[in-house]
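Protein chains: 2
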Amino acid sequence: MRNKLLPEKTVERLSEYRRSLLNCLAQGRTHIYSHDLAGIHNITAVQVRRDIMFIGYTSSQRKGYDVNELITVIRSIIDTDDGLNVAVFGLGNLGKAVTHYFKGKRSRLNIVATFDIDESKAGQEYEGVKCYSMNDYKELIKSLKISIALLTVPGAAAVETTTKLIDAGIEGILNFTTVPLIVPDHVFLEEYDMITSLEKIAYYVKANKGLKDRK
Amino acid sequence: MRNKLLPEKTVERLSEYRRSLLNCLAQGRTHIYSHDLAGIHNITAVQVRRDIMFIGYTSSQRKGYDVNELITVIRSIIDTDDGLNVAVFGLGNLGKAVTHYFKGKRSRLNIVATFDIDESKAGQEYEGVKCYSMNDYKELIKSLKISIALLTVPGAAAVETTTKLIDAGIEGILNFTTVPLIVPDHVFLEEYDMITSLEKIAYYVKANKGLKDRK
DNA sequence: AATTTAATGTTATAAATATAACAAATAATT
DNA sequence: AATTATTTGTTATATTTATAACATTAAATT
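Protein chains in written order, with my numbering: chain G, 12 to 226; chain L, 12 to 226.
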């Protein structure tokens, strides 16, 4: 088949569009213009149209996009038929927040387990998700078909945990730790680094303070 | 003065480099090569050198970069002399996790307050940071000189809260909600969207499953 | 039915970012 | 001291991403 991959930024925006579209749907809206979608996301209408061009969807021109149809197309791009299974590694403060956060959202991404080295947490449930001992990671990743890991362990454990996960066949990692990770090519790694995000804001806020210029 | 702003991606990496450099320092390392730093961050040595070129630092060539000096230069770029004050808006699960997370790190970014609409939380402390009623946001943002907001309120309150914050003079917002925000030009907004990050991973994991290609 | 209008779809261009190529510099070696 | 090896600093090129320009389409209007 050799489907050409979409640009990374387009994939990100599609995920964002879908959420807005679901909102529109909930409000009973059946059609939406590119400039409306653009307004919601603070980008240009051209950007929206270009993204939608990439996924090959065409509207019944002039009435805007059919909300329902567009959602369906985006779903076919991002989601798998049976969903992907996700697990949280490290059920500390952050791990709990992340678990809580996800349980609230409807999504094709199912949190099926949490893991912690603290044996006393094993067997307990949090937000309706069972917590397992980190010792059993290997069998459970296989048997529960976990393909994506949310890494919320303490920084000191990040590298070691990652090695284990990759060894067990994990295919994607969302790294919440501030430790830079090295992963093989077939594993998709996404950094989710609060400190960097904040320091970036700090840089531009500082710049703004100094010279009263625009970003 | 009209200092040219650095590329956004460079600012991000500088923040990351600094953390690695602080680690090196802690290990007693005095110099580091571009390719070492690159290895740690899984990027190319050229990228590192180019970033460092942007900030105008030059090493005593051939010995690599002086760790201490480089840290100092990065600090002068990102940090302000007296630091920037940060506050968490919405002390729910996520707000607590974020607060906890930051208190652990040494940084020029000081969490000086948390806010919540729940009056019963007001007056309490969490992680040594005082929680205030959201009613008092206006005076406190001024008196505590809060310039950056970490937005961890529920999605439904995101837009309204943002309006208030901007009105009160906030200069930077790190948006943890999944609600897209519109802010004026002089406010620096950074999206921190877990759902999008995860769905992006899902897309590439799915693509990898289908055709056994490389990303 | 012809015209106007306001939207999309697409090709062309610009800007931002990353990579490559290579000269300059300096420590180590002969 | 000359040579070699290795690393930086910088200019040139490629890739990715965003924007602009404009032809095309279909609803609305005359």
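Don't be surprised by glycine CBs; every beta carbon is placed ideally from N, CA and C.
Note that the structure is a prediction, hence the values are computed from the model and not measured.
{"Item": "Which residue from G:155, G:76, G:77, G:94 puts its Cα closest to that of residue 125 of chain G?", "Value": "G:155"}
{"Item": "For residue 184 of chain L and residue 27 of chain G, what's the separation of their Cα atoms in angstroms?", "Value": "18 Å"}
{"Item": "Which bits of chain L does residue 121 of chain G rub up against, with CB to CB less than 7 Å?", "Value": "Those do not exist, as residue 121 of chain G stays about 11 Å from chain L at its closest Cβ, beyond 7 Å."}
{"Item": "At a CB distance below 9 Å, what residues from the stretch 27 to 56 of chain L approach chain G? Give them in sequence order.", "Value": "27, 29, 30, 31, 50, 51, 52, 53"}
{"Item": "For a cutoff of 8 Å on Cβ pairs, would you count residue 152 of chain G as touching chain L?", "Value": "no"}
{"Item": "To the nearest angstrom, how far is it from the Cα of residue 70 of chain G to the Cα of residue 58 of chain G?", "Value": "16 Å"}
{"Item": "Rounded to the nearest angstrom, what separates residue 190 of chain G and residue 22 of chain L at their Cα positions?", "Value": "17 Å"}
{"Item": "If you measure from the beta carbon of residue 213 of chain G to each beta carbon in chain L, is any gap under 8 Å?", "Value": "yes"}
{"Item": "What's the C-alpha gap between residue 227 of chain G and residue 49 of chain L?", "Value": "Not covered by the structure: residue 227 of chain G. The range shown for chain G is 12 to 226."}
{"Item": "Going straight from the alpha carbon of residue 94 of chain L to that of residue 120 of chain L, what length do you get?", "Value": "6 Å"}
{"Item": "So, for residue 213 of chain L: in the same chain, excluding its five sequence neighbours on each side, which residues have a beta-carbon less than 6 Å away from its beta-carbon?", "Value": "none"}
{"Item": "So which residues of chain G does residue 116 of chain L contact, with C-beta pairs closer than 7 Å?", "Value": "206"}
{"Item": "Closer than 6 Å by C-beta to residue 106 of chain L: which residues in its own chain qualify, once you throw out the five before and the five after it? Chain order, please.", "Value": "99, 163"}
{"Item": "What in chain L is Cβ-close to residue 83 of chain G, meaning under 8 Å?", "Value": "Simply none; closest approach about 16 Å."}
{"Item": "Consult DSSP for residue 156 of chain L and reduce its assignment to one of helix, strand or coil.", "Value": "coil"}
{"Item": "Using DSSP's beta-bridge definition, name the partner residues of residue 113 of chain L.", "Value": "BP columns for residue 113 of chain L are empty, so no partner."}
{"Item": "Can you have a look at residue 34 of chain G and say buried or exposed, based on whether 16 or more other CB atoms are within 10 angstroms of its CB?", "Value": "exposed"}
{"Item": "Once the 5 residues before and after residue 91 of chain G are set aside, which same chain residues still bring their CB inside 8 Å of it?", "Value": "119"}
{"Item": "Leaving out the 5 sequence neighbours to the left and right, which residues in its chain are closer than 6 Å to residue 220 of chain L when beta-carbon positions are compared?", "Value": "none"}
{"Item": "From G:206, G:112, G:165, G:160, pick the residue whose C-alpha is nearest to that of residue 128 of chain G; which is it?", "Value": "G:165"}
{"Item": "Using the Cβ count rule (16 or more neighbours within 10 Å means buried), how would you classify residue 208 of chain G?", "Value": "buried"}
{"Item": "Can you name the start and end residues of the beta strand (DSSP E) that residue 183 of chain L belongs to?", "Value": "183 to 186"}
{"Item": "By alpha-carbon positions, which one of L:66, L:176, L:217, L:60 ends up nearest to residue 72 of chain L?", "Value": "L:60"}
{"Item": "Which of helix, strand or coil does DSSP assign to residue 79 of chain L?", "Value": "helix"}
{"Item": "Quick check: residue 78 of chain L and residue 43 of chain L, are their CB atoms within less than 8 Å of each other?", "Value": "yes"}
{"Item": "DSSP three-state call for residue 104 of chain L: helix, strand or coil?", "Value": "helix"}
{"Item": "What first and last residue would you give for the beta strand (DSSP E) that runs through residue 22 of chain G?", "Value": "Here residue 22 of chain G belongs to no beta strand (DSSP E); instead the alpha helix (DSSP H) covers 19 to 37."}
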